[in-house]
Structure formats: structure tokens, C-alpha cells
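Chains as they are written, first to last, in UniProt numbering: chain V, 1 to 179; chain R, 1 to 179. Read the structure below first, then the notes.
2 protein chains.
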Amino acid sequence: MQHAGLRDGLPAPAGGENLLFLTDEQIRRGIEAMYFAYRAFTSDPDLILDEIGYGRAHHRALHFINRDPGLTVTSLLEVLGVTKQSLNRVLRALIEDGLVDSRVGRRDRRERQLRLTDKGAALERRLSEAQRARMKAAYRNAGPQAVAGFRQVLEAMMDRDTRAQFQSLLDAPTAGARG
Amino acid sequence: MQHAGLRDGLPAPAGGENLLFLTDEQIRRGIEAMYFAYRAFTSDPDLILDEIGYGRAHHRALHFINRDPGLTVTSLLEVLGVTKQSLNRVLRALIEDGLVDSRVGRRDRRERQLRLTDKGAALERRLSEAQRARMKAAYRNAGPQAVAGFRQVLEAMMDRDTRAQFQSLLDAPTAGARG
DNA sequence: TTGGAAAGTCAACAAGGCTGCCCTATCGTC
DNA sequence: GACGATAGGGCAGCCTTGTTGACTTTCCAA
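Quick look at the structure:
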């Protein structure tokens, strides 16, 4: 359907701008694409997690701890946007199972600095490789220009605060205030 | 960080192709962007759903029933990719609350054809408007070319079957086998 | 020394996935 | 007309992962 958006009978607006990509129909497709793609996006790691009795929440914790070793529980809470109680359950399992190392902060001994153990890093790698394989295939298939657009739209969709956080992580992946 | 991907010290591959967009670092950012954007994407309708004691599952059912009035329970199950029992709980609530109308199929009386009532359509509109507002803003912000790339990558990320289903819906939104 | 932040714990609850099993109504076919 | 397959509904019980609320312990800093 090359002429999507014409169903409402509106001609292209004056001024030379082609705003057909903003029609309800196009937006609806974007919404559905987002839903279907996200489902696929999580499905590969989910299979692995199922095997070992973990869930997505464990994966997320492993991911962000891996990306930023030594981050505190509070920082992790902020990134994940969940409650302390909810994270705690997951974190406790990971620590008890020897995947995450929680050590008392040097600067502030109330804080816990989180790191992956070798075992945790191995699982994280396994999970993220499954996820990356799909993402990489999609990237390769779509090409660099499409990928740029993909990232642009996703960033524009985030909440202001999240986007700021996300973008700040681009330039300094490991440079938090955590020594 | 314009030079992302150079951290592994690899030069651009020979052959003139610039594959820097396929580095682990770029892929990782795509993964995180997907996570953060999806969270934002669901947050607006979630607020409304919370008010009235519904969840995302109700929203999804309303969305797909609205898009394809008269679809059967089995079709909806296939689109959503959940079990009958899981959907049933949600569907029962929607029918009891007078948002969805379930009538016996004419062609096959075993089937139930699902439609939104006026009340259901009103809620669906309210929910999808909240979601569309964000998506539309992101689209406008990123521009048509970025949106094309966005859709391209999302589609490439889907499972084969889902993508086929998704694409078939483009040309014939209401043309199922359901007379 | 004292207030408050950080971290952790326990309890209870809800949404929404899942499996397993059973039931009815209906359809198509032998 | 009987029988198997299909569509759908319902019940029980499980899990993960989110939530509130209340409480304690630890520890830094004023």
C-alpha cells in the first residue's frame, strides 16, 4: 500500500511538505511494529532464561551491571525504574547463585558496588549474544541509514530524563561518579 | 562519540563498506534504546489503564479487535501469541464490562466474532490517542526518512511468521477470511 | 550525637503469563 | 447417525515481577 494515509481523503498539505508519514494509519503501523518487534527482541534471551529459572528482570540486572561495573544498587534502581523491593528479590538470587558480587563501597560504606563474577559474565554474554544476533541481523539487513533512523525515532520516543541518561551513557559508558 | 566501534581497534573493512554500525557497541546501544523506548511507549496508556483497573493485556485485545472487527478468538490468540486461558481472563472482563461484543459466527457457529461496543471503542480511542501522541511527536521530530528506517529495522527484527502477518495486514487491514 | 540517607527485609497483593484438565457446542466426514 | 476434530469456556494452581507499607540496620555528615 504505497498510498497509505490517503484513506481519509486528505491531499498532501500545502507548502510542499509531505506529511503522509504522520497519518493515523502510519502511526498505527508504527505502534504495531513496535509491539511485534519488541516481542521478538525479548524472545531469544527468554528461552535461555527459562532453562535456568530466571526471568527478564534477571537479564536486565545482568546487562546493566555488566555495562557499568561497580554501579550501586541505587543507580541500578534509577536505570531500571523499578522499586527497591522488586529489584532486591532479583539481585538476591543473582548474588546467592554467585553471578553477582556485591561489595561494600570504599567511598561510602553504605553503598553496595555491584559486579559480575566470571560465572555472571558468562551468562550475560550468552544472553546478550542471543539478543545481539537478532539485532545485528536486522541492522545488516536494513543498512546503516535505516539504523540511524531507527535510533533517532527510538530516542525521540523516550522520556526526557531517560533520553538524557541514555545519551550521556554514549560518551562515557563507565564514567559515573563512582570512583 | 562519533567514533564508536573503534574501541576494538579495527579499521574499516576493505571493500569500501563502512560496517561501523555493526560493532558490538552500536548493537548494544540499539538494544538499550529498544528497552528504554518501549518502556516509554507503554507508559502513557498504562496510566489510563491503571485508573480503571485494566492492564496492558486489555489494551492489546482492544487494539486488535478495533483494527479488525469481527475477528475470532482464535485469530486474536494467534496475533497476540498467548494461551487461550490467558486471553480468556482478559476477554471475559472486557465482555462483562460491556466493552466487547461477542457474537456467534454465522458461517461457523462454534466461532465467536469479536467487536468493540461504543463504550469499548471510546476507551480504545482514549488509549491509542495517548500512545499515538508520543509516536507522532517522535515521528515528526525524526522526519520521514528516519521513520522509514525505523520501520525497516523493526520489521527485520520480527520473526518470519510475525513479519509475514504484519506485512499482510498492510494491504488489507480488514480482509480476513471472516466474511 | 543525632538526623537522614542507603540498604535490606518481611508481608501482602495484583497482573498476566503458563500448564493441565475437563466440559459443551458445533462442524465435517465416514 | 456416529464419531473425531475444532472452537471456545472454565477451573485450579503455578510463576515472575511489578506494587505498597512498615520496619530495621548501617553509616555518613553536620
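Glycine included, C-beta positions come from ideal geometry on N, C-alpha and C.
Do you know how far the Cα of V:GLU129 is from the Cα of V:PRO45? 9 Å
In the DSSP assignment, what are the bridge partners of V:SER102? V:LEU114
Examine the Cβ distances between the segment 29-47 of chain R and the segment 125-144 of chain R and report whether three or more of them are shorter than 8 Å. yes
First and last residue of the uninterrupted alpha helix (DSSP H) at R:SER50: Position check: residue 50 of chain R holds Asp in this sequence, whereas Ser was assumed. From DSSP, the alpha helix (DSSP H) with R:ASP50 extends over 24-51.
Spatial neighbours of V:ALA177 within its chain, please: CB distance less than 8 Å, with the 5 preceding and 5 following residues excluded, ordered by chain position. Because V:ALA177 carries a pLDDT of 34, less than 50, the predicted location of this residue cannot be relied on, and no value is offered for it.
R:GLY5 in three-state terms, based on DSSP: Here R:GLY5 scores only 38 on pLDDT, less than 50, and its place in the model should not be relied on; the value that follows carries that caveat. Here R:GLY5 sits in coil by DSSP.
Rounded to whole angstroms, what is the Cα-Cα separation between R:ARG163 and V:THR83? 35 Å
Assuming R:HIS59 contacts R:ALA93 (C-beta within less than 8 Å), just tell me the rounded distance between them. Actually they do not touch by this definition, with Cβ atoms about 12 Å apart.
Could you tell me if R:SER75 is buried or exposed, where buried requires 16 or more neighbouring beta carbons within 10 angstroms of its beta carbon? buried
Ignore the nearest five residues each way along the sequence and tell me which others in V:SER102's own chain have a CB closer than 7 Å to its CB. ILE95, ARG112, LEU114
Contacts around V:VAL100, its chain only, beta-carbon distance under 8 Å, and the 5 residues preceding and following it disregarded: ALA61, LEU62, ILE65, LEU91, LEU94, LEU114, ARG115, LEU116, THR117, GLY120
Taking only three categories from DSSP, how would you classify R:THR72? strand
Between V:ALA156, V:PHE150, V:ARG140, which lies nearest to R:THR23 when the distance is taken from Cα to Cα? V:ARG140
Check R:ARG125 in the structure and name its three-state DSSP category. helix
Is the Cβ of V:THR83 closer than 8 Å to any Cβ of chain R? no
C-beta atoms of residue 192 of chain V and R:GLN152 nearer than 8 Å: This structure does not reach residue 192 of chain V, given that chain V is present from 1 up to 179, and the question cannot be answered.
Can you list, in chain order, the residues of its chain whose CB lies under 7 Å from that of V:LEU123, leaving out five sequence neighbours each side? LEU62, LEU99
How long is the line joining the alpha carbons of R:MET34 and R:ARG109, rounded to whole angstroms? 42 Å
In or out: R:VAL79 buried (at least 16 other Cβ within 10 Å) or exposed? buried
According to the neighbour-count rule (16 or more other Cβ atoms, all chains shown, within 10 Å of its Cβ), is V:GLU51 buried or exposed? exposed
Strictly under 8 Å for the Cβ-Cβ distance: is V:PHE44 near chain R by that measure? This sequence places Asp at residue 44 of chain V; Phe is not what is there. False, the Cβ-Cβ gap to chain R never drops below 8 Å.
Name the chain R residues that come within less than 7 Å of V:LEU154, Cβ to Cβ? ALA33, MET34, ALA37
CB contact flag (V:ALA37, R:MET157, <8 Å): yes
Helix or strand or just coil, what does DSSP make of V:TYR139? helix
Roughly how many whole angstroms lie between the Cα atoms of R:PRO69 and V:ILE27? 19 Å
Give me the Cα-Cα distance between V:GLN165 and R:ARG107, rounded to the nearest whole angstrom. 55 Å
For V:LEU22, return the contacting residues in chain R, with the cut-off set at a CB-CB distance below 8 Å. LYS136, TYR139, ARG140
V:GLN131: buried (16+ other C-beta within 10 angstroms of its C-beta) or exposed? buried
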